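Those protein sequence lines, which keep their order, are chains G and Z. One point on numbering: in this note's numbering, the residue at position 100 of the first sequence is 796, and numbering is uninterrupted. One point on numbering: in this note's numbering, the residue at position 141 of the second sequence is 837, and numbering is uninterrupted.
2 protein chains.
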Amino acid sequence: MCLRTRINVDIDNIKHAARMKDTLKKENTTYHHGNLRKALIDAALAMIAENGVKSLSIREVAKKAGVSHSAPYRHFKDKDDLLSAVAIEGFDMVIQDTFRRFDRNKDDLLTRFQESGLAYIDFATAYPSHYRVMFASGEHHTSPALDERSREAFMILYTCIAECQSNNLIRPHDTFELAMAAWSIVHGYAMLVIDGFIKDPSDHLKNVITRSLYFGLKYE
Amino acid sequence: MCLRTRINVDIDNIKHAARMKDTLKKENTTYHHGNLRKALIDAALAMIAENGVKSLSIREVAKKAGVSHSAPYRHFKDKDDLLSAVAIEGFDMVIQDTFRRFDRNKDDLLTRFQESGLAYIDFATAYPSHYRVMFASGEHHTSPALDERSREAFMILYTCIAECQSNNLIRPHDTFELAMAAWSIVHGYAMLVIDGFIKDPSDHLKNVITRSLYFGLKYE
DNA sequence: ATGAAATGTTTACATTGACAACATTTGATG
DNA sequence: CATCAAATGTTGTCAATGTAAACATTTCAT
Numbered sequence: 697m698c699l700r701t702r703i704n705v706d707i708d709n710i711k712h713a714a715r716m717k718d719t720l721k722k723e724n725t726t727y728h729h730g731n732l733r734k735a736l737i738d739a740a741l742a743m744i745a746e747n748g749v750k751s752l753s754i755r756e757v758a759k760k761a762g763v764s765h766s767a768p769y770r771h772f773k774d775k776d777d778l779l780s781a782v783a784i785e786g787f788d789m790v791i792q793d794t795f796r797r798f799d800r801n802k803d804d805l806l807t808r809f810q811e812s813g814l815a816y817i818d819f820a821t822a823y824p825s826h827y828r829v830m831f832a833s834g835e836h837h838t839s840p841a842l843d844e845r846s847r848e849a850f851m852i853l854y855t856c857i858a859e860c861q862s863n864n865l866i867r868p869h870d871t872f873e874l875a876m877a878a879w880s881i882v883h884g885y886a887m888l889v890i891d892g893f894i895k896d897p898s899d900h901l902k903n904v905i906t907r908s909l910y911f912g913l914k915y916e
Numbered sequence: 697m698c699l700r701t702r703i704n705v706d707i708d709n710i711k712h713a714a715r716m717k718d719t720l721k722k723e724n725t726t727y728h729h730g731n732l733r734k735a736l737i738d739a740a741l742a743m744i745a746e747n748g749v750k751s752l753s754i755r756e757v758a759k760k761a762g763v764s765h766s767a768p769y770r771h772f773k774d775k776d777d778l779l780s781a782v783a784i785e786g787f788d789m790v791i792q793d794t795f796r797r798f799d800r801n802k803d804d805l806l807t808r809f810q811e812s813g814l815a816y817i818d819f820a821t822a823y824p825s826h827y828r829v830m831f832a833s834g835e836h837h838t839s840p841a842l843d844e845r846s847r848e849a850f851m852i853l854y855t856c857i858a859e860c861q862s863n864n865l866i867r868p869h870d871t872f873e874l875a876m877a878a879w880s881i882v883h884g885y886a887m888l889v890i891d892g893f894i895k896d897p898s899d900h901l902k903n904v905i906t907r908s909l910y911f912g913l914k915y916e
């Protein structure tokens, strides 16, 4: 488990470096901790997976990362800011995974549309802690950066539907609304699964969801 | 403010008495507070509406209800138990509203099916604080009583779909799964609306949702 | 080498959840 | 009606937490 964590951290550091182009001056720098910011995010995620977001405490996160209880405040304004970082990481992960799926289905527009929905569902079940924080927005104050990421994720679905409409694969209707409807379906399913209301997410059920996803939007 | 509080308490006592049939021995009894239990639930809801569940504190709730900081513990085991009571009240409200809608559409099964979905959506937008607590189950420990209520609410949708299937209005398929799918759609939409991801829940959009709700389940 | 910026620590304080000991009210029983 | 137990509310208390301030150390550019 220690090994796996270590690998994840390394991979994430690479991703992180590639993403944060504005602060790329630090690459192989190892100062006090190594990369405390990322370590805190990982520690938070591990603890959320164990006891939920609610009982998450900054002091415990700090302890888990091996630093003093005030150290996190050098990297995050407050607790919300830490959770916001977790959410941003989550959105980045879905976005990247969706693009990976798109690359595997370059030609079939309808499949791409469905894949963009499945990416959401699969991500939620694979990383429930991330997902929970991402959509606990009624709670932690949303930062502009977070808003941008969630919008970016949504726009993938939007663009996908727009392309299908251009090719007469989805009926003409306000694209924004169709995308909202599609998002509702996958988000609702994802939430019910990770909240334990849907116990066994079978393939059967996922098919019904995919069907609803398409049948509500297709030509009648 | 004192006066208003008092009036609310009285009104709520009436509602409360009508609902809780098992403890109907107390009707016009006014002991220490009137009905602190209900007053605390109302205070909690008001404060959740203002600042979210996250920053809700039992001490503030007690202060708002005009009692000492420890008084709530005579009525609720802990904070989770208070939130659990809020959630139960919420489920009871949706259930009752759904039955009201059913009474208005005694004959049309498909309409009843759609109404059972709309009841969810409308309740969520009308009582977002309730709804948020009801489905924050990944967080507060779920009590058996709460589990029962959420199951009861779900069973309405289930029964509705089963009846439609009996009358060949919805395609044959595991009823449980179809109900889960329908639930996913309305729940996802509701969550995105109250979490601010869907800014203006237009009738257009609700129609797309209703359409998806039906088109995914109907005969092809 | 040096000084400023970044990063981590210690100390401190107010808020909170929750328990225990105590006080008061209510309602049933004689 | 007196009395007593149960229900309800209060006061006092403690540990955990969020977070700010003052201080210490490391890093990095010059």
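Glycine included, every Cβ here is placed at the ideal spot set by N, Cα and C. Owing to the predicted nature of the structure, the values given are computational and were not obtained by experimental measurement.
Quick check on this structure: which residue in the options has the alpha carbon closest to the alpha carbon of residue i?
i: G/R733; options: G/S908, G/A767, G/E848 and G/H883; result: G/A767
i: G/T794; options: G/G813, G/L901 and G/S880; result: G/G813
i: G/H728; options: G/A761, G/V757, G/E844 and G/G748; result: G/A761
i: Z/S839; options: Z/D799, Z/K775, Z/H765 and Z/R828; result: Z/K775
i: G/R828; options: G/Y769, G/V782 and G/C860; result: G/V782
i: Z/S908; options: G/D803, G/I784, G/V882 and G/D899; result: G/V882
i: G/H900; options: Z/L736, Z/D870 and Z/D896; result: Z/D870
i: G/L779; options: Z/S880, Z/I817, Z/K750 and Z/L736; result: Z/K750
i: G/Y854; options: G/T821, G/V763, G/Y915 and G/F809; result: G/F809
i: G/A641; options: G/R796, G/D803 and G/A815; result: The structure shown does not extend to residue 641 of chain G, since chain G spans only 697 to 916, so no value can be given for it.
i: G/V904; options: Z/I894, Z/M876 and Z/K895; result: Z/M876
i: Z/R796; options: Z/D804, Z/L805, Z/E811 and Z/L806; result: Z/E811
i: G/Y910; options: G/L865, G/M830 and G/A886; result: G/L865
i: G/N863; options: G/L806, G/M830 and G/K902; result: G/L806
i: G/D803; options: G/E859, G/I894 and G/A735; result: G/E859
Short of 6 angstroms in beta carbon distance, which residues of its chain neighbour residue i, apart from the five on each side in sequence? Order them along the chain.
i: Z/L874; result: I857 and L913
i: G/R867; result: Y915
i: G/F772; result: L778
i: Z/F798; result: R808
i: Z/K902; result: none
i: G/A735; result: A761
Tell me whether residue i sits in a helix, a strand or coil according to DSSP, three-state version.
i: G/A832; result: coil
i: Z/E916; result: coil
i: Z/P840; result: helix
i: G/D738; result: helix
i: G/S825; result: helix
i: G/L909; result: helix
i: G/S780; result: helix
i: Z/V763; result: coil
i: Z/F893; result: coil
i: Z/P868; result: coil
i: Z/D818; result: helix
i: G/F772; result: coil
i: Z/G730; result: coil
i: Z/S812; result: helix
i: G/V749; result: coil
i: Z/N903; result: helix
i: Z/D793; result: helix
i: G/D964; result: Outside the displayed range of chain G (697 to 916) lies residue 964 of chain G, so it cannot be described from this structure.
i: G/S898; result: coil
i: G/D799; result: helix
Using C-beta distances below 7 angstroms, list every residue in its chain close to residue i, excluding the 5 sequence neighbours before and after it, in chain order.
i: Z/L752; result: A740, M743 and I744
i: Z/Q861; result: P868 and T871
i: G/V763; result: H729 and L732
i: Z/M830; result: A783, G786 and F787
i: Z/A841; result: I784
i: G/A849; result: F787, V790 and I791
Please list, in chain order, all residues of the same chain as residue i whose beta carbon is under 8 angstroms from its beta carbon, the five residues on each side excluded.
i: G/R789; result: Per the sequence shown, residue 789 of chain G should be read as Met rather than Arg. Cβ within range, chain order: F819, Y823 and H826.
i: G/H765; result: I754, R755, A758 and K759
i: Z/R845; result: A783, I784, F787, D788 and I791
i: G/N747; result: none
i: Z/F872; result: Y854
i: Z/T906; result: Q810, G813 and L814
i: G/G884; result: none
i: Z/T821; result: A886, V889, I890 and P897
i: Z/N801; result: T807, R808 and E811
i: Z/I894; result: Y885, L888 and L901
i: Z/R770; result: L732
Are three or more beta carbon pairs between the region 828 to 838 of chain G and the region 881 to 895 of chain Z nearer than 8 angstroms?
Touching, yes.
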